[in-house]
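Following: one structure in structure tokens, then a few remarks.
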Amino acid sequence: MHPALSKFLASRLIDRKDGHRLAVLKRFEQLNRSDFYSAALREERQTEALVALLRHAQNHVPHFRSLLADHEITARNARDVLAELPPLRRADIQANPASFVADDATGVVDDHTGGSTGTPLTFKVDRPTQQAREASLMWANGLAGWRPGDRIAMLWGSDRDTKAAFRDWRLNLRWWLDNMRWYNAFEMGEEEMAAFHQAMTRFRPHLLVAYAGSLQVYARFLKSIGTVPGYPLTGLISSAEVLTQAGREEVREYFQRPIYDRYGNREAGAIAAECEAHGGLHVNEHDFVVEIDSVDPFKEPGPLLITYLANHAMPLIRYDTGDLAVWAKGECSCGRTTPRLARVVGAPGGYHPHRTREIDSRRILYPRALWRRGRSRVPVCTGINESLLPSRGRGSHPPRIRSAVAEEN
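Here the sequence shown is numbered in my numbering, starting from 2 and rising by one per residue.
Given below as structure tokens:
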């Protein structure tokens with residue numbers, strides 16, 4: 002569908018009765034504007050949102066009611082009060098989920114993390130949270146050159162999303178009007194990838210959004226069959242896994258398009274994203290207060306903590322994402338004034354092992370579908386040291402496919 006037609010239809014035909022889509026688009030515009038605010042104005046707006054969240058948690062959320070009982074929260078002391086709170090971990094919520102739900106929450110629905118690093122987390126979101134998450138993904142896509150109506154191909158590994166694209170005709174229609182198509186990264190045998198390529202060739206996406214491992218697997222497959230794709234038209238977005246510099250160069254060289262990194266999680270949407278200057282990941286400060294718990298966060302990686310300003314139904318305050326990060330120094334040449342993450346280095350404790358197979362004296366990790374179906378004829382991501390591919394933490398959604406080379410025998 003032509004982008005102009007998709008933009009027109011998506012903003013008019015698929016809106017909910019309460020104006021959900023218009024609210025998402027309005028927030029998307031706010032996110033774009035806030036990237037260029039002065040530091041003082043953005044801090045003022047962020048502090049206002051933080052005060053509102055902390056006061057709400059103090060009055061309506063059992064877990065935080067006791068922690069904040071002795072505080073009179075104002076714009077002057079809100080950040081100090083925040084710093085005094087202990088980090089919130091997934092296990093804390095799982096131990097007593099009801100204590101984290103606001104007693105005045107309305108219109109809430111359950112959502113779930115993937116559970117790839119342990120027990121899935123069930124959490125609550127209200128309508129404003131859903132709108133904020135959708136807008137944040139549009140914002141992150143926008144930093145990669147996307148504009149409303151542009152076509153997006155999702156080479157993704159969420160069973161919930163990819164199956165929903167085919168099971169729910171209303172959701173399928175919505176994504177069709179949104180110019181979005183889904184390709185299941187959990188099923189990447191040679192026949193599936195050949196079908197993906199045929200479909201994407203017809204679709205001609207502006208953006209290809211995928212797991213880092215999926216991009217490398219897919220690029221190597223296309224290269225092995227002598228195909229040079231004419232897509233994406235604008236760029237590629239890598240998310241949910243650590244993309245090594247070697248992997249970035251390999252994918253960029255093959256597709257001849259810029260590649261952008263994005264960091265986020267299921268609980269809160271897009272937290273940070275890379276812009277056209279490729280100088281780090283701009284933090285979405287409209288929705289988040291981001292902290293790096295390190296003695297020198299510009300040099301030494303530390304736990305990445307987020308306070309999600311948009312979710313009052315189940316506040317995530319100083320929530321430990323399970324990942325480590327460092328801050329970038331200086332200003333970005335793109336003109337955005339938001340702070341940037343220099344890199345997210347994944348979670349401490351290594352990676353999650355996957356099935357391996359001996360080929361050419363190397364132990365090479367393959368997509369699960371290739372292993373299961375006996376179609377593993379194309380080496381995947383040889384030459385990458387496994388130490389450069391740490392697993393992502395509790396806040397991310399690593400796919401069941403993963404590309405890495407373990408080590409020389």
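Idealized CB from N, CA, C, for every residue including glycine.
For residue i, is the classification buried or exposed, using 16 other Cβ atoms within 10 angstroms of its Cβ as the cut-off for buried?
i	result
residue 200	exposed
residue 64	buried
residue 113	exposed
residue 301	exposed
residue 188	buried
residue 3	exposed
residue 213	buried
residue 394	Low per-residue confidence applies at residue 394: pLDDT is 35, beneath 50, and the placement is therefore not dependable enough to give any value.
residue 228	exposed
residue 415	Outside the shown range of the chain, which is 2 to 410, sits residue 415, and nothing can be said about it.
residue 291	buried
residue 251	buried
residue 426	Nothing can be reported for residue 426: it is not among the residues displayed for the chain, which extend from 2 to 410.
residue 361	Below a pLDDT of 50, predicted positions are generally treated as unreliable, and residue 361, at 27, falls in that range; no measurement from the model is reported.
residue 220	buried
Measure the CB-CB distance between residue i and residue j and report whether it falls below 9 Å.
i	j	result
residue 136	residue 216	no
residue 132	residue 24	yes
residue 203	residue 238	no
residue 308	residue 293	no
residue 277	residue 158	no
residue 232	residue 249	no
residue 90	residue 320	yes
residue 7	residue 180	yes
residue 134	residue 286	no
residue 240	residue 265	yes
residue 11	residue 22	yes
residue 296	residue 339	no
residue 184	residue 138	no
Below 8 Å on the Cβ atoms is my guess for residue i versus residue j; work out the distance and round it to an integer in Å.
i	j	result
residue 288	residue 310	6 Å
residue 208	residue 236	6 Å
residue 260	residue 253	5 Å
residue 29	residue 337	The Cβ separation is near 15 Å, so there is no contact.
residue 234	residue 282	Their Cβ separation, rounded to whole angstroms, is 23 Å, which puts residue 234 and residue 282 out of contact at 8 Å.
residue 104	residue 61	5 Å
residue 111	residue 130	So it is not a contact: roughly 12 Å between Cβ atoms.
residue 211	residue 247	With 8 Å as the limit, residue 211 and residue 247 do not qualify as a contact, their Cβ atoms being about 17 Å apart.
residue 304	residue 88	7 Å
Based on Cα-Cα distance, which residue from the options lies nearest to residue i?
i	options	result
residue 85	74, 91, 93 and 95	74
residue 315	79, 71, 127 and 87	127
residue 198	154, 53 and 129	154
residue 224	265, 280 and 256	256
residue 426	83, 101 and 346	Residue 426 cannot be examined here, being either before or after the span of the chain that is shown, 2 to 410.
residue 54	313, 327 and 329	313
residue 178	194, 149, 196 and 19	149
residue 70	35, 80 and 59	59
residue 52	269, 82 and 240	82
residue 34	143, 265 and 49	143
residue 327	273, 334 and 335	273
residue 279	27, 335, 26 and 79	335
residue 140	26, 333 and 330	26
Fully enclosed by the region 258-335, which beta strand (DSSP E) runs are 3 residues long or longer? Qualifying beta strand (DSSP E) stretches, in chain order: 260-266, 270-275, 282-284, 289-293, 303-309 and 320-328.
Identify every run of the beta strand (DSSP E) within the region 168-196, keeping only runs that are complete inside it and at least 3 residues long; order them along the chain. 181-185
Return the chain-ordered ranges of every alpha helix (DSSP H) run that is complete within the region 60-138 and spans a minimum of 4 residues. 63-68, 79-85 and 91-96
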